[in-house]
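Enquirer: Please read through the structure below; I'll follow up with questions.
In the working numbering, the protein residues as written are 5 to 64.
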């Protein structure tokens, strides 16, 4: 199984995902990260990237 992380400045990543859903339908294992001045936003919560990387079992 493949997981996809879409990371862009601002809310562009969520709009990319919305466009993909319109074209391809709902997909599993896709996460959007919004890089903003305050940090990174995931589901409305700001965090530092290494804290969330562990949720995806990724190695930096």
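Every residue, glycine too, gets a C-beta built ideally from N, C-alpha and C.
What span of residues does the alpha helix (DSSP H) with residue 30 cover, start to end?
Expert: The residue you call residue 30 lines up with position 26 of the chain shown. Element bounds for residue 30: n/a, residue is neither H nor E.
Enquirer: Apart from the five residues on each side of it in sequence, which residues of its chain come closer than 7 Å, Cβ to Cβ, to residue 11?
Expert: For the purposes of this step, residue 11 is identified with residue 7 of the chain shown, where counting begins at 1. Same-chain partners within the cutoff: 17, 37, 39.
Enquirer: Just to confirm, is the Cβ distance from residue 8 to residue 34 under 8 Å?
Expert: Within the chain shown, residue 8 is the residue found at index 4, counting from 1. Within the chain shown, residue 34 is the residue found at index 30, counting from 1. In contact: residue 8 and residue 34 (Cβ atoms closer than 8 Å).
Enquirer: Under the DSSP definition of a beta bridge, which residues are partnered with residue 8?
Expert: To locate residue 8, count along the chain shown from 1; it is residue 4. Residue 8 pairs with 34.
Enquirer: Tell me the rounded alpha-carbon separation between residue 14 and residue 30.
Expert: Stepping through the chain shown from its first residue, residue 14 is reached at position 10. Stepping through the chain shown from its first residue, residue 30 is reached at position 26. One C-alpha to the other measures close to 22 Å.
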